[in-house]
Amino acid sequence: MRGSLVSRLLGKLAMIAPGGFTVRPWLHKKRGVKIGSNVWISQYVYIDEVHPENVVIKENVTIGLRCTIFAHFYMGRYSIGKNVGNVLIEKDVYIGPNCTILKGVTIGEGSVIAAGSVVSKNVPPGVLYGPSPSLPLARIASPLIKGGKVDYEGFLFGLKKL
884 MRGSLVSRLL GKLAMIAPGG FTVRPWLHKK RGVKIGSNVW ISQYVYIDEV
934 HPENVVIKEN VTIGLRCTIF AHFYMGRYSI GKNVGNVLIE KDVYIGPNCT
984 ILKGVTIGEG SVIAAGSVVS KNVPPGVLYG PSPSLPLARI ASPLIKGGKV
1034 DYEGFLFGLK KL
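Right, here's the structure in full:
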């Protein structure tokens, strides 16, 4: 069912359906997400719609409001490196609201992910993981998208120190 229209519709329905312990996990399981027992999935949680089978959520996990979990990276028609990776959320993990979990990440058993975090690297077991304050990083000299086309290299090489 990977990436099919039915899978995508079930994912959209799961975002708004009632039942954080019942209906939402059940809908995601039907899409191919591997989910253990006693998992709470809050409203508006997005779990990868193209590769849901690459996401594993073990038992006793709480996923807060408006979180996103990506098992792939896709930028329009352009491919950059390896696009697909697994996401493993071990047991007894709490993920606060508005977190983003990126492909290839394992969140260790008993960890807590603070609200608003972007998890791009593995989180060891039993760790409180929190966001750095958001700060301006660089001045953009060459836009990422020019005339409807992505210029990734121009964007990267055009970044200037502040």
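If you want this note's numbering, it's the position in the sequence shown, counting the first as 1, plus 883.
By construction, the Cβ of each residue, glycine as well, lies at the ideal position given by its N, Cα and C atoms.
All of these numbers come straight from a predicted model, not from anything done at the bench.
Could you please give the first and the last residue of the uninterrupted beta strand (DSSP E) stretch that includes residue i?
i, result
"VAL970", "970 to 972"
"VAL939", "938 to 940"
Can you tell me whether residue i is buried or exposed, with buried defined as 16 or more other CB within 10 angstroms of its CB?
i, result
"VAL889", "exposed"
"ASN1005", "exposed"
"PHE1040", "exposed"
"GLU1036", "exposed"
Under DSSP, the alpha helix (DSSP H) around residue i begins and ends at which residues?
i, result
"VAL906", "906 to 914"
"ARG891", "888 to 899"
"TYR927", "Here TYR927 belongs to no alpha helix (DSSP H), and DSSP marks it neither H nor E."
"LEU1039", "1035 to 1040"
Whose C-beta lies closer than 6 Å to the C-beta of residue i among residues of the same chain, with five residues either side of it excluded?
i, result
"LEU1042", "ALA1021"
"VAL916", "ILE930, PRO935 and VAL938"
"GLY968", "LYS986 and GLY987"
"ASN921", "GLU942 and ASN943"
Who are residue i's beta bridge partners in DSSP?
i, result
"VAL967", "HIS955"
"VAL944", "Paired residue(s): none; VAL944 is not in a bridge."
"LEU1011", "VAL995"
"LYS1043", "ARG1022"
"VAL933", "Answer by DSSP bridge pairing: none, since VAL933 is not bridged."
Excluding the five sequence neighbours on either side, which residues of its own chain have a C-beta within less than 8 Å of the C-beta of residue i, listed in chain order?
i, result
"SER1003", "LEU985 and VAL988"
With a CB to CB cut of under 7 Å and the five nearest residues on each side skipped, what residues in its chain are close to residue i?
i, result
"ALA1081", "Absent from the structure is residue 1081, since the part of the chain shown begins at 884 and ends at 1045."
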